[in-house]
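Engineer:
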Amino acid sequence: MSVSTELPASLIPTLPGPSYADAALFGQEQERIFEAYWFAALRGAEIEGPGAFRTVDVGRENVIVVRGRDRQLRAFLNVCRHRGARVCMEQSGTGQRKLQCGYHAWTYALDGALISAPNLSQMPDVDRSQFGLIRVHLREWLGYVWLCIAEEPPSFEDTVIGAVAERLGAADDIELWGIDRLEVGKRITYDVNANWKLIVENFMECYHCATIHPELVEVLPEFAEGYAAQYFVGHGAEFGENVAGFTVDGSEGVAAIPGVDEEHDRKYYAITVNPQVFINLVPDHVIFHRMFPVAADRTIVECDWLYLPEVVESGKDVAASVELFHRVNEQDFDAAERCQLTASSKGYAKGGVLVPTEHHIGLFHEWVTRQLDSAQPIGADTR
Amino acid sequence: MSVSTELPASLIPTLPGPSYADAALFGQEQERIFEAYWFAALRGAEIEGPGAFRTVDVGRENVIVVRGRDRQLRAFLNVCRHRGARVCMEQSGTGQRKLQCGYHAWTYALDGALISAPNLSQMPDVDRSQFGLIRVHLREWLGYVWLCIAEEPPSFEDTVIGAVAERLGAADDIELWGIDRLEVGKRITYDVNANWKLIVENFMECYHCATIHPELVEVLPEFAEGYAAQYFVGHGAEFGENVAGFTVDGSEGVAAIPGVDEEHDRKYYAITVNPQVFINLVPDHVIFHRMFPVAADRTIVECDWLYLPEVVESGKDVAASVELFHRVNEQDFDAAERCQLTASSKGYAKGGVLVPTEHHIGLFHEWVTRQLDSAQPIGADTR
Amino acid sequence: MSVSTELPASLIPTLPGPSYADAALFGQEQERIFEAYWFAALRGAEIEGPGAFRTVDVGRENVIVVRGRDRQLRAFLNVCRHRGARVCMEQSGTGQRKLQCGYHAWTYALDGALISAPNLSQMPDVDRSQFGLIRVHLREWLGYVWLCIAEEPPSFEDTVIGAVAERLGAADDIELWGIDRLEVGKRITYDVNANWKLIVENFMECYHCATIHPELVEVLPEFAEGYAAQYFVGHGAEFGENVAGFTVDGSEGVAAIPGVDEEHDRKYYAITVNPQVFINLVPDHVIFHRMFPVAADRTIVECDWLYLPEVVESGKDVAASVELFHRVNEQDFDAAERCQLTASSKGYAKGGVLVPTEHHIGLFHEWVTRQLDSAQPIGADTR
């Protein structure tokens, strides 16, 4: 990282421009970040009933997540142990009794064990237990399925739960929203022509809010000052006086989530879980972003709007709350794309500067840099 | 090649996954394999009459194949010796008296000799014999035009004819089909998103037949056992009892090729000629595949169905025989594409395994590896 | 450069084929040639009135060219000094009072100075003079805006004006056409699948004219001999006897430019200004090419047909003169694309040859080679 040593104290450097454009560096990020940390891949409720499965990309790997007869979710690399064919070609399915490769019919149980293959009985020296599908670590939390491709995953408690607790200031506060019991009222997928780090940096600061988020600032007037909710530990941005709900026009939202107490009412909280999750909390819903980086200059973002089951099932119109953050997303991703355009310019070869309300982004830059410098992923304790 | 040393005797390793995905390695394969060995480029009958020509890609080169006034075929790099413009822009033509570059009108005879150029008479020191089109080695066999880009081609007898003889078990057996006198009844071109080696490996084994080739196994019941015709020297797979011909529904084929004797009747033979030809022999037709690798993950396959001239000229319906191997092709190429998807997965980083009925694929892997390890192409005697 | 030492005196070598295809080499050319020399980016009249601007690509950079309240043109890298967002997203605009980044509202005067930013008053240690937009060197000549991305540009007098003078043989002859006072009667943009050097080489020689430019040779019969106007210092190619004007059919042109004296009447002059400008002079108009190289195998060419203001404003039909050089352009760019196709062939690995009427292209090759071998751009005196 090329850093000017002459900046005034108000300004600290960003990463240099090439960090956002270099294909080889992005490959290292895939290996040392997205394939090394816990990755929120999909929502558990998307895989309903024994034998249901979905396939999902994690870093550069395609993973099968399947629910067993014991109703447990398990995850495997989507690679046959025989000749490497992709085992599941579909994005999803239900009621499978086994996972069978379509090339030579090697057949695996839902727990990944090799159970049969043509002529296998003529190969008595082949130990089936050595040729099961390769396991991927899996945890369920907040209703999402978190996967880790690494052989030795970092502590989920430290790197995921710890990151949420650190932001909210109390380990259990996230439980107030009961996110695992909410349902997806709306999902929008964005295809963003920008490096994933630009999207993280954008989410972490609110210095841009007054410029690009008129609707958001109307609902959360303090954002006009440029201090993001994430600037302070445990801080929620307060709704404006005449704002009835977290909606595009400040109109009333839907039924509040019962667990949200008075302290957290009429407030907006934002959490970043490195490397690819953003969680937004308001009294009546949760907005949950998962990023899927696909190239140095391209990131797919899946955004879920989560509501109480009775809200979703009643078919109640949630358009006004969806529209608010959908606009914020579009405004933010446009901004990230503007930055991507200059990543290779000599005018940004040494990067730019962070103003005081953005200085905490420097911690993210340090975290990224540390992953790339080190051979091993590093837990939250050293972040 | 990273090889596990712990495999049971029934299993031997494949090539590692990156062998099928790495662009630099593919460049080496172009240089040391496709531009070093004999390459079946096109069918001679496609170039009819003096002055007819076709252009064709061989490895990374574009080659002109032209029939001279003496009715001989000759081949040249399609590169003008003056400023390098592509001389023939069309894929084919007829009745040419010369080959003239469209940029500065440098003009070559059909034997490649430079015969004229603007102002050439004012350059008396230029020896025309030094500036002819660059010759590419050419052989005609089985009615196909085989080209070799290398300056010193390997022995055609060893690497091509020898490969066929080795498979059929007798040097002259291929002559029974009189392939040079057959005509193309149907040609289908496939654009396959897979590495060429996956297509070769697939063609060499029949362990997959029961799973993906229901129609083929119906016609050749022994294929259900997983032993490819290529597993044995000189073996032809026998038609099923109630099978009248090598057709999609086992119905009768067309007029049998007279030379095919009783020993070879009602049988299917398959031959691989490294690096890019497959020959399939049945009593009434021949199916001839040529591969044109274009990228690590993309291969064009041209497949000809060849019949007796009287069959083709009579307009007889050959759809039932075409349909059988067309389905086989589609089934095989789908399988190869499934494998390509995982070539970069860490689940296939060390490759997979070959079961006993696939062990002969290991010879192909050794052949490929030897080409890349050596500076010189190696003839059949050392395969 | 791999050069055969055995060529007869009539022939000298070209650059080797890979010079026209290698992506890394093209990156070096961007850095050491297009971002190091003066680059004719746009026509000044396209930016009319204070606060008008255009954005344009120069090498790998996007540049804002803006007219200040003082009516002076200035140019800046289109990169915000804060977080690097592209400041101007539009290709053009008018009446701007300032340049404001759309991400965090950092705001610059039309002279590039940082004038305001949110919360800037709370950062008293930030010296605004250190955070203005990064200046790009700008000169206006012949009505065009010439930019130089380098910190220390080479001498404009030597590398641009000197190149024109050297070709015309007299420093001031170009002034006869009063090009800065002409207007664009027609602009055509060509997207050429060829390396920029192939386009330069083509423009420099006329050995191809008889083969590919029938209309041009009709108007300029001496071109049939293969000697380009650029072969001689100060030479203009004479119109044919029955040719009334520089038009596709030899019909009369439009009103002659008053400054063109008898010595230069009824003649065609062609000038190359390295690395990306061609100027064509005829009595009643000027054809001005600017190349924008975008990849080793792709170049955008913008071609302007410039006439007297009264001709353009009268709406007089200039189609016959436009059509002549439009055909020449299409013929030339087709030829360059033919050469691009073989750049990676082993048949052109050492390049080709230049005949005597092309030998001056060798000077261009030497110039290119010298830029890539040297760390610093080199002025005209050493060309």
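Chains as they are written, first to last, in this note's numbering: chain A, -15 to 367; chain B, -15 to 367; chain C, -15 to 367. Idealized CB from N, CA, C, for every residue including glycine. Here the structure is a predicted model, which means the values were calculated and not measured.
(1) Name the residues in the segment 99 to 110 of chain B whose C-beta lies less than 9 angstroms from a C-beta of chain C; which are they?
(2) At a Cβ threshold of 9 angstroms, is A/G229 touching chain B?
(3) Look at A/L182 and A/Y4 and say whether their C-beta atoms are less than 9 angstroms apart.
(4) Give the straight-line distance between the Cα atoms of A/N179 and A/M188, rounded to the nearest whole angstrom.
(5) Quick one: list the residues of chain B neighbouring A/Y87, beta-carbon separation under 8 angstroms, in chain order.
(6) Quick one, which residues of the segment 24 to 54 of chain B are near chain C if we go by CB-CB under 9 angstroms, in chain order?
(7) Determine the closest residue to A/Q260 out of A/T39, A/G77, A/V184, with distance taken between C-alpha atoms.
(8) Drop a sphere of 10 angstroms on the beta-carbon of B/N258, count the other beta-carbons inside from all chains shown, and report buried for 16 or more, exposed for fewer.
(9) Using beta carbons (cut-off 9 angstroms, strictly below), is C/C64 in contact with chain A?
(10) Under the three-state reduction of DSSP, which class applies to B/R44: helix, strand or coil?
(11) For A/C132 and A/F23, which I take to be in contact (beta-carbon distance under 8 angstroms), what is that distance rounded to the nearest angstrom?
(12) Can you look up A/D318 in the DSSP assignment and give me helix, strand or coil?
(13) Please report the straight-line C-alpha distance between C/A89 and C/N103, rounded to a whole angstrom.
(14) Nearest by alpha-carbon distance to B/A20: which of B/L26, B/G28, B/V42, B/A7 is it?
(15) Check whether the Cβ atoms of B/G86 and B/A69 sit closer than 9 angstroms, and answer yes or no.
(16) Anything in the segment 329 to 362 of chain B with a Cβ closer than 9 angstroms to a Cβ of chain A? List those residues in chain order, please.
(17) On the CB-based measure, 16 or more other CB atoms within 10 Å of its CB, does B/S113 come out buried or exposed?
(18) Which class does B/D365 belong to by DSSP, given the choice of helix, strand or coil?
(19) Using the three-state DSSP reduction, which class does B/F216 fall into: helix, strand or coil?
(20) Measure from the C-beta of C/E135 to each C-beta in chain B and report whether the shortest distance is under 9 angstroms.
(21) Buried or exposed: B/N226, going by 16 or more other Cβ atoms within 10 Å of its Cβ?
(22) For C/R312, I'd like the list of residues in its chain whose CB is within less than 7 angstroms of its CB, leaving aside the five on either flank, ordered along the chain.
(23) Kindly indicate if chain C contains any beta-carbon less than 9 angstroms away from that of B/E(-10).
(24) Going by the beta-carbon positions, is the gap between C/R395 and C/V49 smaller than 9 angstroms?
(25) For B/I158 versus B/I255, is the C-beta spacing smaller than 9 angstroms?
(26) Tell me which residue opens and which closes the beta strand (DSSP E) that A/D288 is part of.
(27) Under a CB-based cut-off of 9 angstroms, is A/A97 close to chain B?
(28) According to DSSP, which residues form a beta bridge with A/E124?
(29) Return helix, strand or coil for B/L308, following the three-state DSSP convention.
(30) May I have the straight-line CA-CA distance separating B/V(-13) from B/A7, to the nearest angstrom?
(31) For the pair the segment 323 to 339 of chain B and the segment -9 to 1 of chain B, tell me if three or more CB-CB distances fall below 8 angstroms.
(32) Are C/E13 and C/L356 closer than 9 angstroms when you measure CB to CB?
(33) Using beta-carbon positions only, say whether A/G237 and A/P267 come within less than 9 angstroms of one another.
(34) Is A/S305 buried or exposed, if buried means 16 or more other CB atoms sit within 10 Å of its CB?
(35) May I have the straight-line CA-CA distance separating C/A303 from C/Q84, to the nearest angstrom?
(36) If B/V203 and B/G234 are in contact, beta carbons under 8 angstroms, what's the gap, nearest whole angstrom?
Structural biologist: A quick look at the data gives this:
(1) A101, P102, N103, L104, Q106, M107, P108, D109, V110
(2) no
(3) yes
(4) 15 angstroms
(5) H192, T195, I196, A319, R322, C323
(6) R44, E45, N46
(7) A/V184
(8) buried
(9) yes
(10) coil
(11) 7 angstroms
(12) helix
(13) 11 angstroms
(14) B/V42
(15) yes
(16) S329, K330, G331, Y332, G335, G336, V337, L338, V339, P340, T341, E342
(17) exposed
(18) Here the model assigns B/D365 a pLDDT of 37, short of 50, so the residue's position is not dependable, and the following value carries that caveat. The answer is helix: DSSP assigns B/D365 an H, G or I state.
(19) coil
(20) no
(21) exposed
(22) Here residue 312 of chain C is Val; the residue named in the question, Arg, does not match the sequence. Contacts found: H197, L200.
(23) no
(24) In the structure as shown, chain C begins at -15 and stops at 367. Residue 395 of chain C is therefore absent and cannot be evaluated.
(25) yes
(26) 282 to 291
(27) no
(28) A/V129
(29) helix
(30) Residue placement at B/V(-13) is flagged as unreliable, the pLDDT there being 41, under the threshold of 50; a coordinate-derived value is accordingly withheld.
(31) yes
(32) yes
(33) yes
(34) buried
(35) 42 angstroms
(36) 6 angstroms
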